[in-house]
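Encoded as C-alpha coordinates, the structure appears first; notes follow it.
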(Lines of atoms letter the chains of each structure in order from A and count residues from 1; the text may use other names and numbers.)
(Lines give C-alpha, C1' and ligand atoms only; values in the text may rest on other atoms or scores of the structure.)
Protein backbone atom coordinates (compact mmCIF):
# COMPACT_ATOMS: atom_id res chain seq x y z
CA UNK A 1 0.00 0.00 0.00
CA UNK A 2 1.48 3.34 -1.06
CA UNK A 3 0.44 6.42 0.84
CA UNK A 4 1.56 9.93 0.08
CA UNK A 5 2.93 11.97 2.93
CA UNK A 6 0.74 14.74 4.30
CA UNK A 7 1.76 18.35 3.83
CA UNK A 8 4.47 19.57 6.18
CA UNK A 9 3.45 22.11 8.82
CA UNK A 10 3.77 25.54 7.18
CA UNK A 11 5.94 26.86 10.02
CA UNK A 12 8.55 24.11 9.56
CA UNK A 13 10.26 25.60 6.48
CA UNK A 14 9.06 29.16 7.01
CA UNK A 15 10.17 29.54 10.65
CA UNK A 16 12.00 26.53 12.09
CA UNK A 17 14.65 25.80 9.44
CA UNK A 18 15.74 29.48 9.13
CA UNK A 19 15.77 29.77 12.96
CA UNK A 20 18.17 26.80 13.06
CA UNK A 21 20.29 28.29 10.26
CA UNK A 22 19.41 25.40 7.96
CA UNK A 23 18.70 25.58 4.23
CA UNK A 24 15.04 25.80 3.20
CA UNK A 25 15.52 22.90 0.78
CA UNK A 26 16.73 20.48 3.46
CA UNK A 27 14.97 17.12 3.00
CA UNK A 28 12.23 16.65 5.61
CA UNK A 29 10.78 13.16 5.97
CA UNK A 30 7.30 12.23 7.15
CA UNK A 31 7.70 9.43 9.69
CA UNK A 32 4.26 8.62 11.04
CA UNK A 33 0.93 9.73 12.38
CA UNK A 34 -0.21 8.54 15.80
CA UNK A 35 -2.90 9.08 18.39
CA UNK A 36 -1.31 10.32 21.60
CA UNK A 37 -1.98 7.91 24.46
CA UNK A 38 -2.19 8.31 28.21
CA UNK A 39 1.10 6.46 28.59
CA UNK A 40 2.83 9.20 26.58
CA UNK A 41 1.96 11.56 29.48
CA UNK A 42 2.33 9.04 32.33
CA UNK A 43 4.99 10.12 34.86
CA UNK A 44 5.73 6.47 35.60
CA UNK A 45 6.43 5.73 31.92
CA UNK A 46 8.33 8.94 31.05
CA UNK A 47 8.54 8.22 27.33
CA UNK A 48 6.87 8.92 23.98
CA UNK A 49 6.27 5.81 21.88
CA UNK A 50 6.80 5.96 18.14
CA UNK A 51 4.64 3.90 15.76
CA UNK A 52 6.54 0.74 14.70
CA UNK A 53 5.57 0.97 11.02
CA UNK A 54 6.85 4.55 10.79
CA UNK A 55 10.11 3.66 12.54
CA UNK A 56 10.80 0.67 10.30
CA UNK A 57 9.71 2.09 6.94
CA UNK A 58 10.30 5.84 7.28
CA UNK A 59 12.77 6.64 10.08
CA UNK A 60 15.34 3.88 9.62
CA UNK A 61 16.10 4.86 5.99
CA UNK A 62 16.92 8.42 7.14
CA UNK A 63 19.52 7.30 9.69
CA UNK A 64 23.19 6.51 9.16
CA UNK A 65 24.65 3.15 10.21
CA UNK A 66 26.08 4.80 13.33
CA UNK A 67 22.73 6.34 14.24
CA UNK A 68 20.93 3.02 13.71
CA UNK A 69 23.42 1.37 16.05
CA UNK A 70 23.09 4.08 18.71
CA UNK A 71 19.28 3.82 18.66
CA UNK A 72 19.40 0.00 18.65
CA UNK A 73 17.55 0.01 15.32
CA UNK A 74 19.96 -2.21 13.38
CA UNK A 75 18.69 -5.59 12.38
CA UNK A 76 20.46 -8.81 11.43
CA UNK A 77 19.94 -8.21 7.71
CA UNK A 78 21.55 -4.76 7.72
CA UNK A 79 24.77 -4.61 5.72
CA UNK A 80 27.82 -3.64 7.70
CA UNK A 81 29.27 -0.33 6.53
CA UNK A 82 32.71 1.11 6.96
CA UNK A 83 32.77 3.69 9.72
CA UNK A 84 34.97 6.75 9.86
CA UNK A 85 36.91 7.47 13.01
CA UNK A 86 34.68 10.43 13.93
CA UNK A 87 31.61 8.29 13.27
CA UNK A 88 32.92 5.62 15.60
CA UNK A 89 33.51 8.20 18.33
CA UNK A 90 29.99 9.59 17.88
CA UNK A 91 28.54 6.07 18.00
CA UNK A 92 30.42 5.22 21.20
CA UNK A 93 29.38 8.46 22.87
CA UNK A 94 25.74 8.01 21.88
CA UNK A 95 25.63 4.35 22.83
CA UNK A 96 27.07 5.02 26.30
CA UNK A 97 24.32 7.56 26.90
CA UNK A 98 21.53 5.06 26.21
CA UNK A 99 20.26 5.94 22.77
CA UNK A 100 20.62 8.30 19.86
CA UNK A 101 20.46 11.98 20.86
CA UNK A 102 17.69 13.73 18.95
CA UNK A 103 16.28 17.22 19.21
CA UNK A 104 12.51 16.97 19.54
CA UNK A 105 10.57 20.06 18.47
CA UNK A 106 7.00 21.14 19.19
CA UNK A 107 5.73 24.55 18.04
CA UNK A 108 4.54 25.47 21.56
CA UNK A 109 7.01 23.70 23.83
CA UNK A 110 10.16 24.54 21.87
CA UNK A 111 12.85 21.88 21.69
CA UNK A 112 14.55 19.39 23.97
CA UNK A 113 17.29 16.82 23.52
CA UNK A 114 15.93 13.34 24.16
CA UNK A 115 17.19 9.84 23.42
CA UNK A 116 15.76 7.66 20.68
CA UNK A 117 16.05 3.95 21.43
CA UNK A 118 14.37 0.67 20.70
CA UNK A 119 13.58 -1.53 23.65
CA UNK A 120 12.04 -4.98 23.81
CA UNK A 121 8.56 -3.81 22.80
CA UNK A 122 8.76 -0.35 21.27
CA UNK A 123 10.87 2.53 20.02
CA UNK A 124 10.68 5.52 22.32
CA UNK A 125 11.86 9.04 23.01
CA UNK A 126 12.91 9.62 26.60
CA UNK A 127 15.30 11.60 28.72
CA UNK A 128 15.77 14.29 31.33
CA UNK A 129 13.08 16.96 31.17
CA UNK A 130 10.69 14.81 29.11
CA UNK A 131 7.63 15.28 31.36
CA UNK A 132 8.00 19.06 31.56
CA UNK A 133 8.41 19.22 27.78
CA UNK A 134 5.49 16.93 26.92
CA UNK A 135 3.16 18.83 29.25
CA UNK A 136 3.98 22.07 27.39
CA UNK A 137 3.35 20.58 23.95
CA UNK A 138 0.56 21.69 21.63
CA UNK A 139 -1.20 18.33 21.93
CA UNK A 140 -2.76 16.19 24.63
CA UNK A 141 -4.10 12.66 25.09
CA UNK A 142 -6.23 11.41 22.15
CA UNK A 143 -4.95 14.12 19.78
CA UNK A 144 -3.47 12.88 16.53
CA UNK A 145 0.07 14.05 15.86
CA UNK A 146 2.35 13.83 12.85
CA UNK A 147 6.03 13.13 13.23
CA UNK A 148 8.63 14.52 10.82
CA UNK A 149 12.40 14.04 10.76
CA UNK A 150 15.33 15.86 9.26
CA UNK A 151 19.05 15.41 9.50
CA UNK A 152 21.05 18.64 9.15
CA UNK A 153 24.12 16.58 8.26
CA UNK A 154 22.25 15.51 5.12
CA UNK A 155 23.15 18.98 3.86
CA UNK A 156 26.76 19.13 2.59
CA UNK A 157 27.17 22.59 4.13
CA UNK A 158 26.57 21.32 7.65
CA UNK A 159 28.88 19.89 10.26
CA UNK A 160 28.90 16.18 10.90
CA UNK A 161 27.95 16.51 14.56
CA UNK A 162 24.49 17.93 13.80
CA UNK A 163 21.74 16.01 15.57
CA UNK A 164 18.69 14.36 14.11
CA UNK A 165 15.57 16.47 14.59
CA UNK A 166 12.10 15.06 15.18
CA UNK A 167 9.18 17.44 14.85
CA UNK A 168 5.96 16.40 16.56
CA UNK A 169 3.02 18.51 15.42
CA UNK A 170 -0.66 18.20 16.15
CA UNK A 171 -2.57 17.17 13.04
CA UNK A 172 -4.55 20.13 11.72
CA UNK A 173 -8.29 19.82 12.17
CA UNK A 174 -10.34 20.23 9.00
CA UNK A 175 -12.06 23.59 8.67
CA UNK A 176 -15.86 23.33 8.61
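In UniProt numbering, the protein residues as written are 1 to 176. Yeah, the Cβ is synthetic: ideal placement off N, Cα and C, and Gly gets one too.
Sheet register partners of residue i (DSSP bridge)
i	result
residue 7	Answer by DSSP bridge pairing: none, since residue 7 is not bridged.
residue 130	In the DSSP output, where bridge partners are listed per residue, residue 130 has none listed.
residue 115	101, 126
residue 165	103, 150
residue 110	106
residue 33	146
residue 48	125
residue 170	145
Beta carbon of residue i nearer than 7 Å to that of residue j
i	j	result
residue 133	residue 147	no
residue 100	residue 67	yes
residue 45	residue 37	no
residue 126	residue 145	no
Exposure label - residue i; buried when at least 16 CB within 10 Å
i	result
residue 55	buried
residue 79	Confidence at residue 79 is low in this model, with a pLDDT of 48, below 50, so its placement is unreliable and the value that follows should be read with caution. With fewer than 16 other Cβ atoms within 10 Å, it is exposed.
residue 64	buried
Expected contact under 8 Å - CB spacing of residue i and residue j to nearest Å
i	j	result
residue 149	residue 59	6 Å
Cα-Cα separation between residue i and residue j, rounded to whole angstroms
i	j	result
residue 33	residue 51	8 Å
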